[in-house]
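Using my numbering, you'd call the opening residue of the sequence shown number 94 and step up by one each time.
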Amino acid sequence: MGTYIFRRLLQGVVVVLVVSMICFLIFRYMGDPVLTLAGRYATQAEIAEVRRAFGLDRPVYIQFGKFLWNAAHGNFGKSYVSRISALDLILERFPASFELAITAICISFVMGVGFGVLVALRPYAWHSRAVMAGSLAGISIPTFLTGILLIMIFAVYAGILPPFGRGDTVQLGFWRTGFLTMSGVKHLILPAFTLAMYQLAVLLRLTRAGMREVLAEEYIKTAWAKGLPPRKVIFKHALRNVLIPVVTMAGLQFGELIAFAIVTETIFQWPGMGNLLLTSIYETDQPVIVTYIMLAAFLIITINIVVDILYAVLNPKIRYD
């Protein structure tokens with residue numbers, strides 16, 4: 094087990110180094126940062142001074158080493174637009190993205206697994222066919238269209254949920270949350286369901302396929318023959334074995350929901366990291382873009398490693414050695 098964890102951590106470090114190299118190349122060669130820092134009308138002397146002050150006149154390998162050193166200490170530079178730390182700018186938006194993602198993954202997991210079990214038990218019933226048709230729509234319809242439809246139905250026509258914004262929030266130490274106010278919860282519902290729709294459909298189909306396969310196994314037939322209660326056979330013997338790949342998939346999706354909810358946050362004007370990234374791309378704010386990519390990669394890699402370790406704990410047959 095120790096060797097397995099060590100190898101996964103080593104792989105994670107390698108991937109982080111590769112991502113950091115890509116980020117460095119973006120920062121260094123996606124336009125000249127000196128011209129951005131010095132301004133359009135700067136003289137050659139001012140450009141040379143800026144280049145020297147930021148160490149951009151040194152060899153590339155020294156610049157890359159300095160970039161890694163600063164990244165390891167959380168120093169990714171200042172935003173070109175707001176002139177404050179890029180890392181602080183992103184961390185300020187992190188609670189909004191995290192709360193949106195955690196709500197979306199809970200919705201997708203509970204409803205996906207629940208509907209998946211029901212459909213597997215009665216695959217030819219009319220309600221099962223309706224659920225499968227709905228899951229196909231959830232996979233096929235683009236996220237932006239799902240968000241617009243939900244806004245039209247629940248905000249414009251029904252008028253029961255707000256169409257955009259985060260609502261009222263409460264500051265708890267460094268964390269600003271919307272979970273503790275009714276306004277915050279109402280504002281969270283539509284973007285969370287929009288973000289969860291695709292993942293819900295994927296988990297539903299994964300659960301359904303796994304349950305159909307497991308329910309045909311001999312040990313399940315033996316459990317039925319012994320006269321065990323249906324709840325025990327379904328949830329203890331069948332669903333328990335199906336949940337391993339489902340939990341793995343949900344864990345992998347969670348990191349992506351936090352890092353790449355750009356479309357949903359833009360539609361609902363949600364003040365999260367995705368919305369900030371889109372604005373930074375429009376403004377060519379390279380420090381914020383690079384910081385976002387580094388944090389997203391670190392977050393996803395960390396979650397993947399944790400999921401892999403949990404997977405190995407749940408199924409001891411999983412080992413690289």
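Virtual Cβ for every residue (Gly too), placed ideally from N, Cα, C.
No experiment lies behind these values; they were computed from the predicted model shown.
Problem set entry | Sufficient close CB pairs (3 or more, under 8 Å) joining the stretch 178 to 189 to the stretch 324 to 334 | no
Exercise. Helix, strand or coil for T300 per DSSP?
Worked result: Along the sequence shown, one-based indexing puts residue 300 at 207. Residue state, collapsed to three classes: helix.
Exercise. So, P235 versus I244, is the Cβ gap smaller than 9 Å?
Worked result: Position 142 of the sequence shown, counting from 1, holds the residue named residue 235. Position 151 of the sequence shown, counting from 1, holds the residue named residue 244. No, Cβ-Cβ distance for P235 and I244 is not below 9 Å.
Problem set entry | Bridge partner(s) assigned by DSSP for K171 | Taking the first residue of the sequence shown as position 1, residue 171 is located at position 78. Answer is S178, bridged to K171.
Exercise. Okay, do the stretch 211 to 230 and the stretch 309 to 317 touch, 3+ Cβ pairs below 8 Å being the bar?
Worked result: no
Problem set entry | Strand pairing of V263, partner residues [DSSP] | Here the question's residue 263 lines up with position 170 in the sequence shown. For V263, which the question treats as bridged, DSSP gives the partners T270.
Exercise. Taking A189 as the reference, which of T262, R301, V224 has the closest Cα?
Worked result: For the purposes of this step, residue 189 is identified with residue 96 of the sequence shown, where counting begins at 1. Considering only alpha carbons, the answer is T262.
Exercise. In chain order, which continuous runs of the alpha helix (DSSP H) of length 4 or greater are located wholly inside the stretch 158 to 238?
Worked result: 179 to 214, 219 to 233
Exercise. Tell me which same chain residues have a C-beta within less than 6 Å of the C-beta of L242, skipping the five on either side of it?
Worked result: By 1-based counting over the sequence shown, the position of residue 242 is 149. Within the same chain, L242 has no close Cβ partners at all.
Exercise. For the stretch 273 to 359, which segments carrying the alpha helix (DSSP H) assignment without a break, of at least 4 residues, lie completely within its bounds, in sequence order?
Worked result: 275 to 308, 311 to 318, 332 to 352
Exercise. When the Cα of L110 is compared with those of D150, L321, L161, A146, which residue comes out closest?
Worked result: Residue 110 sits at position 17 when you count from the first residue of the sequence shown. Selected option, being the one with the closest Cα: L161.
Problem set entry | For T395, three-class secondary structure by DSSP | Looking up residue 395 in the sequence shown gives position 302. Residue state, collapsed to three classes: helix.
Problem set entry | Reference E306; option with closest CA among L336, G320, V278 | Taking the first residue of the sequence shown as position 1, residue 306 is located at position 213. Nearest of L336, G320, V278 to E306, Cα basis: L336.
Exercise. With 16 other CB atoms within 10 Å as the buried threshold, where does M387 fall?
Worked result: Here residue 387 corresponds to residue number 294 of the sequence shown, with the count starting at 1. Buried.
Exercise. F117 to V295, Cα distance in whole Å?
Worked result: As a working mapping, residue 117 is identified with position 24 in the sequence shown. As a working mapping, residue 295 is identified with position 202 in the sequence shown. Looking at the two C-alpha atoms, the distance is approximately 35 Å.
For this session: Can you tell me the Cβ-Cβ gap for P364 and R186, rounded? I've got them flagged as a contact below 8 Å.
Result: As a position in the sequence shown, residue 364 is number 271, starting the count at 1. As a position in the sequence shown, residue 186 is number 93, starting the count at 1. Indeed, because the Cβ distance is near 6 Å, the residues count as touching under 8 Å.
Exercise. Got a sec? Which residues, its chain only, sit under 7 Å from I415 by beta carbon, not counting five neighbours each side?
Worked result: This structure cannot speak to residue 415, because the chain is shown only from 94 to 414.
Exercise. What's the call for I155, buried or exposed, on a 16-neighbour Cβ count within 10 Å?
Worked result: The residue given as residue 155 occupies position 62 in the sequence shown. With fewer than 16 other Cβ atoms within 10 Å, it is exposed.
Exercise. What span of residues does the alpha helix (DSSP H) with A138 cover, start to end?
Worked result: For the purposes of this step, residue 138 is identified with residue 45 of the sequence shown, where counting begins at 1. Where A138 is concerned, the enclosing alpha helix (DSSP H) stretches over 137 to 146.
Problem set entry | Exposed unless 16 or more other CB atoms sit within 10 angstroms - verdict on G423 | What the structure shows of the chain is the stretch from 94 to 414, and residue 423 is not part of that stretch, so it cannot be assessed.
Exercise. Whose C-alpha, out of G367, T384, I327, is nearest the C-alpha of A213?
Worked result: Start at 1 with the first residue of the sequence shown, and residue 213 comes out as number 120. A213 has its Cα closest to that of I327, out of G367, T384, I327.
Exercise. Between the beta-carbon of F169 and the beta-carbon of T384, is there less than 9 Å?
Worked result: By 1-based counting over the sequence shown, the position of residue 169 is 76. By 1-based counting over the sequence shown, the position of residue 384 is 291. Contact flag set, yes.
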